[in-house]
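J.:
Chains as they are written, first to last, in my numbering: chain R, 1394 to 1467; chain F, 1020 to 1631.
#1: Applying a beta-carbon distance threshold of less than 8 angstroms, which residues of chain F neighbour residue 1443 of chain R?
#2: Between which two residues does the alpha helix (DSSP H) holding residue 1422 of chain F run?
#3: Considering only the beta carbon of each residue, do residue 1440 of chain F and residue 1467 of chain F sit closer than 9 angstroms?
#4: Taking a contact to mean a Cβ-Cβ separation below 9 angstroms, would you say residue 1357 of chain F touches residue 1314 of chain F in this structure?
#5: Taking residue 1558 of chain F as the reference, give the member of F:1493, F:1417, F:1069 and F:1027 with the closest Cα.
#6: Checking 9 angstroms against the spacing of the C-beta atoms, do residue 1096 of chain F and residue 1528 of chain F come in under that value?
#7: Counting contacts by CB-CB distance shorter than 9 angstroms, is residue 1452 of chain R in contact with chain F?
#8: Does residue 1634 of chain F have its Cβ less than 9 angstroms from a Cβ in chain R?
#9: Using a beta-carbon distance below 9 angstroms, is residue 1422 of chain R in contact with chain F?
#10: Looking at the C-beta of residue 1475 of chain F, does it have a partner C-beta in chain R at a distance below 9 angstroms?
#11: Quick check: what's the CA-CA separation for residue 1407 of chain F versus residue 1072 of chain F?
#12: Extract the residue ranges of the beta strand (DSSP E) inside the segment 1096 to 1149 of chain F, only unbroken runs of 3 or more that lie entirely within it.
#13: From F:1034, F:1062 and F:1610, pick the residue whose C-alpha is nearest to that of residue 1140 of chain F; which is it?
#14: Might you give, ordered along the chain, the residues of its own chain that have their beta carbon closer than 6 angstroms to the beta carbon of residue 1365 of chain F, omitting 5 neighbours on each side?
#15: Using the three-state DSSP reduction, which class does residue 1455 of chain F fall into: helix, strand or coil?
#16: Does DSSP classify residue 1209 of chain F as helix, strand or coil?
#17: Is there a Cβ from chain R that is less than 9 angstroms from the Cβ of residue 1289 of chain F?
#18: Going by beta carbon distance, what residues of the same chain come within less than 8 angstroms of residue 1237 of chain F, once the five residues before and after it are set aside?
#19: Go through its chain and collect everything with a Cβ distance to residue 1427 of chain R's Cβ below 7 angstroms, but skip five positions before and after it.
#20: Can you name the start and end residues of the beta strand (DSSP E) that residue 1441 of chain R belongs to?
#21: Rounding to the nearest angstrom, what Cα-Cα distance links residue 1500 of chain F and residue 1508 of chain F in this structure?
#22: Cβ closer than 8 angstroms: which chain F residues qualify as neighbours of residue 1440 of chain R?
#23: Can you round the beta-carbon distance between residue 1250 of chain F and residue 1518 of chain F to whole angstroms, since I take them to be within the 8 angstroms contact cut?
#24: Using the rule of at least 16 other Cβ atoms within 10 Å of the residue's Cβ for burial, across every protein chain shown, is residue 1216 of chain F buried or exposed?
#25: Go through its chain and collect everything with a Cβ distance to residue 1564 of chain F's Cβ below 6 angstroms, but skip five positions before and after it.
#26: Go through the segment 1355 to 1438 of chain F residue by residue and report every complete run of the alpha helix (DSSP H) that reaches 4 residues or more, in order.
#27: Take every Cβ of the segment 1225 to 1244 of chain F, pair it with every Cβ of the segment 1195 to 1213 of chain F, and state whether three or more of those distances are shorter than 8 angstroms.
#28: Measuring CB atoms only, is the segment 1585 to 1598 of chain F touching the segment 1475 to 1482 of chain F, in the sense that at least three cross pairs come out at less than 8 angstroms?
#29: 9 angstroms is my cut-off, CB to CB: does residue 1402 of chain R come that close to chain F?
#30: Residue 1317 of chain F and residue 1294 of chain F look like a contact to me (Cβ under 8 angstroms); what is the Cβ gap, rounded to whole Å?
#31: Quick one: give me the first and last residue of the alpha helix (DSSP H) that residue 1475 of chain F is part of.
#32: Look at the alpha carbon of residue 1347 of chain F and the alpha carbon of residue 1246 of chain F, and state the distance between them as a whole number of angstroms.
#33: Under 9 angstroms, Cβ to Cβ, is there at least one residue of chain F near residue 1461 of chain R?
#34: Going straight from the alpha carbon of residue 1457 of chain R to that of residue 1401 of chain R, what length do you get?
#35: Taking the straight line between their C-alpha atoms, what separation do you get for residue 1411 of chain F and residue 1405 of chain F?
#36: Using Cβ-Cβ distances below 7 angstroms, what residues of the segment 1517 to 1528 of chain F are close to chain R?
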């Protein structure tokens, strides 16, 4: 029962440069971010299987969750 | 041979109707690169000191950059430079779309519009054939309507830039429109085109761009292109564009709400990216050479309109800042501004100020011309946008002058909630509790615009209220990198949003031009341009100095209301301390003026000594 977390761009710096992490299901995305050391305030978008979801979302077994850093506006 | 450039500058004397061509000066391109840099140089050297922004002495410089029209990712950007009718200082506005490539292919590194035409005209360019054609039948037309009309008349392959009624009526923040939804938005570049009576520019080009080392340039550009396409954030970025930041701003107290009184909007979830995508987006839309299209073309069933957008800035300034919580209403306001030729950011800032005046009883319904100007009243917003563009009624005419002038006229303390720096309305980031971003707005070279340095991420990473020299250093670093993209004629978003490496730029410029550039060389030129624009303010604005870098009072005197920044503000002392750090690191004196040593170091001493 695992979730693949992919930190995008500068967020990799907070997980020692890892491109993907395998995490257990159960927690919300926000809780996962806190657990691996990525500040949730720096995450602009959470994409679960490429669809935008909120940080309170509970990823399911087999989901791929990309977290995207804040972006630069227009 | 000047590789990487078209080799000619097109000069259009509108007063006399005389069109001439001159060689692109190689030394200037080496020192200022092109686009924003060339515009700043030409503004300094060609527009005389004290010129009226709306007079015949002011000029409009329309310039692609060296990378424009090439294979390099995002090579669809260009620059419009002029003396701003909104601020009285430097104005440089960047625009995407297809026009920049077409100008370059027609053979020009810049188009200089000078003087004032005695009648409405449009500039027709078909390679070497350049004519001023009668635009009397088009005067009064909306931007999109005219673009369509000219494409129908001239051919779809012509690229068209237009002004709307706002530019004709000299609204101080009129924009230039192109490609049915791309704008040179800020500082009143459309106003200057309007006063010159140039309704449109139509360009078709068929020439090539000389490239010093084609094989190497192709290799670098393709590698950069591939890096964008393979970026982890590619799907999210192309699906949602800049709108993705809306929820993040709301969550972090940065989404301007009710004239920047709050950084969080109680109806925010209604205007987030997924709602936008699902409810109104029809298709994605990119500029020339863009591998990562951020444009979202939308259709509102409610209003039966099509519009490119809203993108984030418009969503903030015409949405939450006016308390509009329906994405279709925001799209309608966006479409009205585009068609009428108004900068959405400044328009939102002016209307938000008026709404607060109305709420406080400073403006009554007689002064608003019968409009019930409560926050959240979409119909009143639509009506007021029309009135601003046509300078209709007392309030429409007042707001057409920009928020600084409007507040100065109305008084009664309303200057306190006129959210601007140097007379330019602030774009869509609340800066009650973000000292880097506040400094970025205070020091941006056109006024309170985010595109020079978007530092709010840094605030959140290191502590949003911290007042430390590292924050000034970050703002300066960004003020050199981001405007450099506007100088090269390419889009910054491939780097900003998808993390495309900055290591691609110097090799690309070296292969393109045959001149060996390091990244540090490019940054040095960008710093030179930044200081030249600063000196332009010094030259043109009597008493220019530190006081002109003051933050909007709201962020240093009134705490934010609601959201995660509830009760927070930046103290005036903290804002001044940030300025001290900034001036010291820039090599400017305590009044914010570049020292002679700094000008010498940047190779500007001789240029700025001679004031035209």
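Backbone N, C-alpha and C fix where the C-beta goes; we use that ideal spot for every residue, glycine too.
T.: Reading it off the structure:
#1: Here residue 1443 of chain R refers to the residue found at position 50 when the first chain is read from its first residue. What residue 1443 of chain R touches in chain F: 1254, 1255 and 1258.
#2: Residue 1422 of chain F sits at position 403 when you count from the first residue of the second chain. Its alpha helix (DSSP H) spans residues 1422 to 1429.
#3: Position 421 of the second chain, counting from 1, holds the residue named residue 1440 of chain F. Position 448 of the second chain, counting from 1, holds the residue named residue 1467 of chain F. Cβ atoms of residue 1440 of chain F and residue 1467 of chain F: closer than 9 angstroms.
#4: Looking up residue 1357 of chain F in the second chain gives position 338. Looking up residue 1314 of chain F in the second chain gives position 295. The answer is no: Cβ separation not under 9 angstroms.
#5: The sequence position of residue 1558 of chain F within the second chain is 539, counting from 1. Checking every option, the nearest Cα to that of residue 1558 of chain F belongs to F:1069.
#6: Mapped onto the second chain, residue 1096 of chain F falls at position 77. Mapped onto the second chain, residue 1528 of chain F falls at position 509. No. Outside cutoff.
#7: The count along the first chain starts at 1 and reaches residue 1452 of chain R at position 59. False, the Cβ-Cβ gap to chain F never drops below 9 angstroms.
#8: The question about residue 1634 of chain F has no answer here: the residues shown for chain F are numbered 1020 through 1631.
#9: For this step, residue 1422 of chain R is matched to residue 29 along the first chain. For residue 1422 of chain R, the answer is no, since every Cβ of chain F falls outside 9 angstroms of its Cβ.
#10: Your numbering for residue 1475 of chain F matches position 456 in the second chain. For residue 1475 of chain F, the answer is yes, since a Cβ of chain R falls inside 9 angstroms of its Cβ.
#11: Within the second chain, numbered from 1, the residue matching residue 1407 of chain F stands at position 388. Within the second chain, numbered from 1, the residue matching residue 1072 of chain F stands at position 53. Whole-angstrom Cα-Cα distance: 20 angstroms.
#12: 1097 to 1102, 1109 to 1114, 1129 to 1133 and 1140 to 1145
#13: Counted from its first residue, the second chain places residue 1140 of chain F at position 121. It is F:1034 whose Cα lies nearest to the Cα of residue 1140 of chain F.
#14: Taking the first residue of the second chain as position 1, residue 1365 of chain F is located at position 346. Here the set comprises 1192 and 1444.
#15: Walking along the second chain from the start, residue 1455 of chain F turns up at place 436. Note: residue 1455 of chain F maps to helix in three-state DSSP.
#16: Along the second chain, read from residue 1 onward, the residue named residue 1209 of chain F stands at position 190. Helix at residue 1209 of chain F.
#17: Along the second chain, one-based indexing puts residue 1289 of chain F at 270. It does not; no Cβ of chain R falls within 9 angstroms.
#18: Here the question's residue 1237 of chain F lines up with position 218 in the second chain. Here the set comprises 1090.
#19: By 1-based counting over the first chain, the position of residue 1427 of chain R is 34. Answer for residue 1427 of chain R: 1433, listed in chain order.
#20: Within the first chain, numbered from 1, the residue matching residue 1441 of chain R stands at position 48. Run containing residue 1441 of chain R: 1436 to 1441, per the beta strand (DSSP E) assignment.
#21: Stepping through the second chain from its first residue, residue 1500 of chain F is reached at position 481. Stepping through the second chain from its first residue, residue 1508 of chain F is reached at position 489. Whole-angstrom Cα-Cα distance: 13 angstroms.
#22: In the first chain, residue 1440 of chain R corresponds to position 47, counting from 1. Within chain F, the residues near residue 1440 of chain R are 1254 and 1255.
#23: What you label residue 1250 of chain F is simply residue 231 of the second chain in a count that begins at 1. What you label residue 1518 of chain F is simply residue 499 of the second chain in a count that begins at 1. Right, the Cβ-Cβ distance comes to about 6 angstroms (below 8 angstroms), so this counts as a contact.
#24: For the purposes of this step, residue 1216 of chain F is taken as residue 197 along the second chain, with counting starting at 1. So residue 1216 of chain F counts as buried.
#25: Numbered from its first residue, the second chain carries residue 1564 of chain F at position 545. Within the same chain, residue 1564 of chain F has close Cβ partners 1610 and 1611.
#26: 1363 to 1378, 1397 to 1408, 1412 to 1418 and 1422 to 1429
#27: no
#28: no
#29: As a position in the first chain, residue 1402 of chain R is number 9, starting the count at 1. With 9 angstroms as the cut-off, residue 1402 of chain R counts as an interface residue toward chain F.
#30: Locating residue 1317 of chain F in the second chain gives position 298, where the first residue counts as 1. Locating residue 1294 of chain F in the second chain gives position 275, where the first residue counts as 1. Incorrect: roughly 12 angstroms between the Cβ atoms, too far for contact.
#31: Here residue 1475 of chain F corresponds to residue number 456 of the second chain, with the count starting at 1. 1475 to 1481 is the extent of the alpha helix (DSSP H) around residue 1475 of chain F.
#32: By one-based count along the second chain, residue 1347 of chain F stands at place 328. By one-based count along the second chain, residue 1246 of chain F stands at place 227. Taking the straight line from one Cα to the other gives about 35 angstroms.
#33: For this step, residue 1461 of chain R is matched to residue 68 along the first chain. Yes, contact with chain F.
#34: One-based indexing of the first chain puts residue 1457 of chain R at position 64. One-based indexing of the first chain puts residue 1401 of chain R at position 8. Approximately 13 angstroms, taken between the alpha carbons.
#35: By 1-based counting over the second chain, the position of residue 1411 of chain F is 392. By 1-based counting over the second chain, the position of residue 1405 of chain F is 386. Their Cα atoms are separated by approximately 8 angstroms.
#36: 1518
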